[in-house]
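Just below is one structure, and these are the notes that go with it.
Residue numbers (UniProt numbering): 1 to 212.
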């Protein structure tokens, strides 16, 4: 992996983090529920993995570099919801509402958040939390930093599978709105806030309400 610290200016503008000493209980429950979530997810991952393979060309899983806590990069794993060549000609592009690159089964997985299930592994590794700002790609983080200087402040806490911006905006939320909601979450962080977001996410998974 390249040393992105010499490439991106946003790393100098993250700000003061929420100390990991204040996230001990968060990490404890991440391990417990991350393990449970991984076990429960296996049948869904297998089923949708087969459907993905039967309905579109390309791999079942999608691996991509993202920016984590205080600018440390890691690789996130998802079930592939887009065409295999989605960014072959464009490079990194922000997902849009009714994105034509999304496959039919991918549209369902995104609506129900099933494509995120493999990320329980990222949670167990400590790269991610169950709840937190969705991790973004380095090049897009740099791009958005140029437009919205407060965008890197989202990195002050461990990123999550689901977050305040996701339950209030969905996949097609605008970057500036995402930034505002994620920073609101960080500034008002509490374990109780995490529980509320987790419950909202479960509701969206079963009803689709609030998902876009």
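A virtual CB, placed ideally from N, CA and C, is assigned to each residue, including glycine.
None of the values given here were measured: they were computed from a predicted structure.
Contact annotation, residue 26 with residue 191: C-beta distance approximately 6 angstroms; criterion of less than 8 angstroms satisfied.
Relative to residue 137, the option among 206, 48, 203 and 75 whose CA is nearest is 75. Shortest Cα-Cα distance from residue 49 to any of 105, 128 and 39 involves 105. The Cβ atoms of residue 135 and residue 68 sit closer than 8 angstroms to each other. Under the three-state reduction of DSSP, residue 129 is assigned to strand. Ranked by Cα distance from residue 193, the options 207, 162, 65 and 175 are led by 162. Shown here for residue 159: same chain residues with a beta carbon closer than 6 angstroms to its own, the five before and five after excluded, namely 68, 128, 132, 133 and 135 in chain order.
The beta-bridge partner set that DSSP reports for residue 55 is empty. For residue 188, the closest alpha carbon among the candidates 59, 156, 206 and 203 is that of 156. By DSSP's assignment, residue 84 forms no beta bridge with any residue. Contact annotation: the region 5-19 touches the region 145-154, with at least three C-beta pairs closer than 8 angstroms. DSSP places residue 111 within a helical segment (H, G or I) once states are collapsed to three.
Contact check for residue 62 against residue 80 passes: the beta carbons are separated by less than 8 angstroms.
Excluding five sequence positions before and after residue 30, the CB atoms of its chain that fall closer than 6 angstroms to its own CB belong to 123, 129 and 130, given in chain order. Contact between residue 169 and residue 178 is confirmed by a C-beta separation of about 7 angstroms, below the 8 angstroms threshold. In this structure, DSSP gives residue 75 an extended state, which the three-state scheme calls strand.
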